[in-house]
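Numbering (this note's numbering), first residue to last: 19 to 455. Report on the following structure.
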Amino acid sequence: MRIAAIVSLLLLSTVGWMVPERVEARSLSARLDGLFGKGGIRLRPDDNPLFPPHEAHFSADSLETLGLLAQQLAPSAADFPALSTTPGFTFRYNSQIQAFERSSGTLGPVYVERPQTLGRGKLDFGVSYLSADFKELEGKSLDKQRFRLGHGNCCEGNQAFEEDTIDIAFKTFEVRSHVVSFFATYGLTDDWDVNILLPVVITAMKLEARATIDNSGSARQFPGSGGIHFFDNNRRITDDRSQDDDKVGVGDLQIRTKYHLFEAGGFNMGAGLSLRLPTGDEDNFQGLGDFTLSPLLALSYEIGPVDFHTNGGFQLNFDDSDRNRVRYAGGVTVRLLEEVALLVDVIGSSGLKSDRVSRTVTESITIGERGNFDEVLQDRIVSKSFRTDIVDLNVGFKATPFGVNRSVVAFATVFVPLNNDGLRADFIPAVGVEVGF
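Structure, rendered in structure tokens:
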């Protein structure tokens with residue numbers, strides 16, 4: 019218990035040290051949302067008496083949904099599968115010989131919860147690292163995002179210049195996450211474990227986009243003018259914008275517990291509960307931004323060097339029920355050698371219903387005579403609904419580099435997406451090490 023108390027104190031101290039002070043800095047979400055202005059692009063046409071007096075306000079649902087896109091990225095970029103609470107070595111106390119003995123013949127999975135527990139008085143802690151370079155959103159390349167902005171209805175009558183548009187094309191759209199997770203498990207009894215997991219997340223975003231004005235409408239209405247909408251007095255019709263920033267912070271803290279229900283003939287059953295606290299910054303794609311509670315049921319069957327395992331449960335979101343999800347996983351661990359195991363797992367989660375994100379957008383309509391403009395503001399709500407099924411294949415190896423008599427386990431795995439929903443990387447490598455006492 020003294021060791022457990024020391025580890026708990028160190029973890030709490032680490033949390034306090036890693037939580038950044040509040041500073042006035044734009045989040046990654048705000049940088050994406052405001053790349054071309056939250057309300058769209060405003061241009062003042064040439065001061066020509068032939069042109070109708072107005073302020074050109076270009077906007078569109080597609081541009082305004084940059085803000086919605088930022089809201090959609092947050093849960094996808096921060097919702098990585100959590101490491102199993104059960105380490106490679108599990109033990110049970112044998113009262114007849116008054117010693118601990120191994121309760122499982124395999125090293126078990128890395129990211130799939132299994133029923134076995136660590137063992138009374140046993141302590142295990144470790145660290146893992148994974149890197150995700152996100153490439154696609156809903157099956158579409160991030161670098162190929164395109165938006166078209168339409169001219170606002172500023173003036174009376176049918177005005178051809180209101181048909182002018184601005185096209186926005188991303189040349190670079192990069193979102194990367196590096197996640198270092200610290201975790202510890204303690205066996206309260208032979209059948210009951212408690213676990214804490216704290217990730218530290220480095221998130222980087224790089225944006226490069228070009229806006230291009232199409233003056234076809236105004237050029238048709240005013241022949242010989244070449245159009246009336248430009249970015250500056252040099253009649254520039256293109257404008258390049260960019261953002262490049264990274265953020266470091268803690269992710270969502272998870273406090274978990276699991277109970278081993280029973281064992282019979284190689285078959286095991288366990289139940290667990292996970293509380294996820296919103297310690298990560300959602301606006302920097304480092305946390306969900308919500309409190310969640312996830313109960314689960316885990317099953318496994320071990321025969322010789324092979325361990326089959328599966329689990330399923332629900333993620334209940336206390337802040338937004340539209341984000342409730344069902345989680346499921348299953349696979350096999352094969353002991354290739356005494357010190358090496360092959361892991362093959364399928365890990366997934368599915369939204370129970372569509373998650374609706376929305377924002378209020380203020381539009382302006384400018385009317386009046388030259389030099390005497392009136393601006394009329396009106397609000398409208400832009401929303402988007404989406405539901406995702408995130409399914410990945412996780413393949414890798416687990417090994418005891420110092421032999422099975424030393425409680426040190428290392429692993430290396432890779433996630434490969436099996437579908438296109440949500441924000442996805444081509445692959446996500448992960449490595450880690452755990453030490454038991």
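For glycine and all other residues, C-beta sits at the position ideal for the given N, C-alpha and C. These numbers were taken from a predicted model, which means no experiment stands behind them.
Same chain, Cβ closer than 6 angstroms to residue i, neighbours up to 5 away in sequence not counted
i: L148; result: V197, I446, A448
i: D250; result: none
i: T328; result: L317, G348
i: N469; result: Absent from the structure is residue 469, since the part of the chain shown begins at 19 and ends at 455.
i: F285; result: Y319
i: L293; result: I273, L311
i: D444; result: K153
i: P217; result: V197, S199, G269
i: Y346; result: G330, G366
i: A428; result: A417, P419, V451
i: V350; result: F326, V362
i: G514; result: As displayed, the chain neither begins before 19 nor continues past 455, which places residue 514 out of reach and without an answer.
i: T275; result: V212, L291
i: E192; result: K224
i: S94; result: G440, L441
N- and C-terminal bounds of the beta strand (DSSP E) containing residue i
i: L46; result: Run containing L46: none in the beta strand (DSSP E); it sits in the alpha helix (DSSP H), 46-51.
i: K371; result: From DSSP, K371 is part of no beta strand (DSSP E); its letter is neither H nor E.
i: A150; result: 141-155
i: P18; result: In the structure displayed, the chain extends from 19 to 455; residue 18 sits before or after that span and is not available.
i: V409; result: 407-417
i: F168; result: Strictly speaking, residue 168 in this sequence is Gly, with Phe absent from that position. First-last of the beta strand (DSSP E) with G168: 164-169.
i: A448; result: 446-454
i: D185; result: 183-205
i: H327; result: 324-335
i: D258; result: 256-268
i: A349; result: Per the sequence shown, the amino acid found at residue 349 is Gly instead of Ala. Its beta strand (DSSP E) spans residues 343-353.
i: L441; result: 441-443
Contact set for residue i: own chain, Cβ-Cβ below 7 angstroms, skip 5 residues either direction
i: L354; result: L360
i: Y277; result: D209, W210, G288, A289
i: A296; result: Position check: residue 296 holds Pro in this sequence, whereas Ala was assumed. Hits under 7 angstroms: D270, G305, L306, G307, D308, F309.
i: F54; result: L81, I186, A229, R259
i: F98; result: L148, V197
i: I59; result: F76, L167, I184, A229
i: T190; result: D161, K224, L225, E226
i: V352; result: P323, V324, A359, L360
i: D338; result: D308
i: E42; result: For E42, the pLDDT reaches just 44, beneath the cut-off of 50, and the residue's location in the model is therefore unreliable, leaving the point undetermined.
Distance between beta carbons of residue j and residue i, contact taken as under 8 angstroms
i: G144; j: G450; result: 6 angstroms
i: F494; j: L50; result: A question about residue 494 goes unanswered here, because the residues of the chain that appear run from 19 up to 455.
i: D340; j: L306; result: With 8 angstroms as the limit, D340 and L306 do not qualify as a contact, their Cβ atoms being about 13 angstroms apart.
i: D152; j: L441; result: The residue asked about is misnamed: residue 152 is Phe in this sequence, not Asp. Confirmed, Cβ separation roughly 5 angstroms.
i: S199; j: A150; result: Not quite, the Cβ-Cβ distance comes to about 13 angstroms (not below 8 angstroms), so this is no contact.
i: I231; j: I184; result: 5 angstroms
i: E452; j: D142; result: 6 angstroms
i: K140; j: G454; result: 6 angstroms
i: D299; j: G267; result: 5 angstroms
i: D52; j: D325; result: Per the sequence shown, residue 52 should be read as Gly rather than Asp. About 50 angstroms; that fails the 8 angstroms criterion.
i: A96; j: F303; result: 6 angstroms
Endpoints, alpha helix (DSSP H) assigned at residue i
i: Q239; result: 234-239
Spatial neighbours of residue i in its chain, beta-carbon cut-off 8 angstroms, leaving aside the 5 residues before and after
i: V344; result: G330, G331, F332, Q333, S367, S368, L370
i: F483; result: With the chain represented from 19 up to 455, any question about residue 483 goes unanswered, as that position is not in the structure.
i: G244; result: N233, A237, R253
i: T457; result: Residue numbering for the chain in the displayed model covers 19 to 455; residue 457 lies beyond these limits and cannot be assessed.
i: N438; result: E154, E156, G157
i: N342; result: F332, Q333, L334, N335, G369, L370, K371
i: D407; result: G366, S367, S368, G369, N437, D439
Residue-chain proximity (residue i, chain C), Cβ-Cβ < 7 angstroms
i: D308; result: Of the chains in the structure shown, none is chain C; there is only one protein chain.
Sequence ranges, alpha helix (DSSP H) only - wholly within the region 277-312, length at least 4:
Scanning the region 277-312 from its first residue to its last, no whole alpha helix (DSSP H) run of 4-plus residues comes out.
Would you call the region 205-218 and the region 255-264 touching, i.e. three or more CB-CB distances under 8 angstroms?
No: the two stretches stay apart, fewer than three of their Cβ pairs being nearer than 8 angstroms.
Check whether the region 298-317 and the region 329-345 are in contact - that is, three or more C-beta pairs closer than 8 angstroms.
Because the criterion of three Cβ pairs below 8 angstroms is met, the region 298-317 and the region 329-345 touch.
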